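Asks:
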Amino acid sequence: MRLGRNPQTGAEWSGRSWRSPDDPATGDCRRAMDTRGLPDCVSWRGDVKKYRTGPWNGLWFSGVPEMASYSDMFTNQVVVRPDEVAYVFNATAAAPFSRLVLSEAGVIQRLAWDGGSRVWNVFAQAPRDVCDDYAKCGAFGLCNVNTAATLFCGGVQGDVPGSPAHWSMREAAAGCRRNVPLQCRDGGATTDGFVVVSGVKLPDTDNATVDVGATLEGCRARCLANCSCVAFAAADIRGGGGGSGCVIWVGDIVDVRYVDKGQDLYVRLAKSELA
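Residue numbers (this note's numbering): 3 to 277.
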C-alpha cells in the first residue's frame, strides 16, 4: 500500500471511503499524506482534518509508536525523493491475511482474517480514543486520555485555559495561553528557556520548518534566536540519545497528546515560568 504525493506534479495517492456501507460511491472521507513539514498521514472529512498519525520520526509515526510491536508482520517506510513523498506499507510472510478499510465515518481499520472462526478481527484502528480527535484540546493544549475529570485536556507548565468560561462548560477547543509573555526582542536577545514535555505525539507540522541535517543543540539555539519560535523537537529519533534533525514551530502548536513511547517536545517559556 502507498500513500503520498509527487511534489513536482501534484499527483496524489490516497484512499477514499464509500458513501455508506451499502453504497460504493465515493464518500466524504479521505486518507492522504500531508507533505508539509514532516510527512504525516491524515484523515479528512471533506475539508476538515479529523485525525493524524503524527509526523514520521524515522522509526514510526510519532503518535503511533505501537507500529514497532508488529514490525515483524508489517514493514513501514517513508520515502522522500524530489518526485515522491510517500508512506509505503508492506506485509511480510509472517503477516495474517489483512485488508485496510476507511469507513464512511472516517475510521480507518486494519482487519485481519481469522481462518478458524472465519471472521475479520480488528488488528489496528484509528482514531483510537478521544485524544485522537484532531486538535481536541486546542492550541497549546495537551490531551491525556487518563484525565477525564479535566476534559482530558491540560496545558504546558505555565499555561492557563484560553477561555475559562468555555473550559467550565467542558469545552476545551479554545486551548491554552501563556500566563507570562515570552521575553524576546528583535535580534534574538532573550532570557527565555525551554520545558521538556516528554512522551507526546508531536504537534501538526503545517506551520513548522524542518532541517534534517541540524543537531538538537543547534535546533535549540536556532529557536531561541527566533522570537516567533514557540517549540522545537528532533526530526529523527533513530540512533538513540536525544535524536537528530530539527523541527521548529512558529505560531500555535496544535494536536498534541500523550502516548506511550512518545517523543520529547521542547516548549519555550519565559524564564520566570521555568522555576
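C-beta: ideal position from N, C-alpha, C; glycine also.
Values in this document were obtained by computation on a predicted structure and should not be read as measured data.
On the DSSP letters alone, give me the boundaries of the alpha helix (DSSP H) that S170 sits inside.
Replies: 166 to 170
Asks: Tell me the rounded alpha-carbon separation between E86 and R7.
Replies: 6 Å
Asks: Pull up the distance between the alpha-carbon of A233 and that of V269, whole angstroms please.
Replies: 4 Å
Asks: Between the C-alpha atoms of W58 and R240, what's the straight-line distance to the nearest angstrom?
Replies: 11 Å
Asks: Are the beta-carbon atoms belonging to G220 and S64 less than 8 Å from one another?
Replies: no
Asks: How close, in whole Å, do the beta carbons of A235 and L267 come, if the pair is a contact with beta carbons under 8 Å?
Replies: The Cβ separation is near 5 Å, so the contact holds.
Asks: So, helix, strand or coil for D135, using DSSP?
Replies: coil
Asks: Taking just the CA atoms, how far does V80 sit from G12?
Replies: Roughly 18 Å between the two C-alpha positions.
Asks: Considering only the beta carbon of each residue, do L2 and C31 sit closer than 8 Å?
Replies: Absent from the structure is residue 2, since the part of the chain shown begins at 3 and ends at 277.
Asks: Quick check on the DSSP output: the beta strand (DSSP E) that includes A96 runs from which residue to which?
Replies: First-last for A96: undefined, no H or E at that position.
Asks: What residues in its chain sit with their C-beta under 8 Å from that of R38, if we drop five residues either side in the sequence?
Replies: A distance below 8 Å between beta-carbons, with the five flanking residues on each side excluded, links R38 to the following residues of its chain, in chain order: T207, D208.
Asks: If you drop the 5 nearest sequence neighbours on each side, which residues of the same chain put their C-beta closer than 6 Å to that of A88?
Replies: R4, G6, V81
Asks: Go ahead and pull the three-state DSSP assignment for S22.
Replies: If DSSP states are grouped into helix, strand and coil, S22 belongs with the strands.
Asks: Quick one: residues in its chain with C-beta nearer than 6 Å to the C-beta of G156, no 5 flanking neighbours on either side, listed in chain order?
Replies: Counting only residues of its own chain and dropping the five nearest sequence neighbours on each side, G156 has a CB closer than 6 Å to the CB of L144.
Asks: Give the single residue among F196, E173, A174 whose Cα lies nearest to the Cα of L184.
Replies: The shortest C-alpha separation from L184 is found at F196.
Asks: Let me confirm a value: R83 is counted as buried when at least 16 other C-beta atoms fall within 10 Å, else exposed. Which label applies?
Replies: The residue in question, R83, is exposed, as its Cβ has fewer than 16 Cβ neighbours within 10 Å.
Asks: Please state whether DSSP places R222 in a helix, a strand or coil.
Replies: helix
Asks: Pull up the DSSP beta-bridge partners for Y89, would you.
Replies: Listed as beta-bridge partners of Y89 by DSSP are L5, V80.
Asks: Quick check: A128 and Y53, are their CB atoms within less than 8 Å of each other?
Replies: Taking 8 Å as the Cβ cut-off, A128 and Y53 qualify as a contacting pair.
Asks: Taking D254 as the reference, give the member of R179, V198, C225, V261 with the closest Cα.
Replies: It is R179.
Asks: Who are W251's beta bridge partners in DSSP?
Replies: A210, A233
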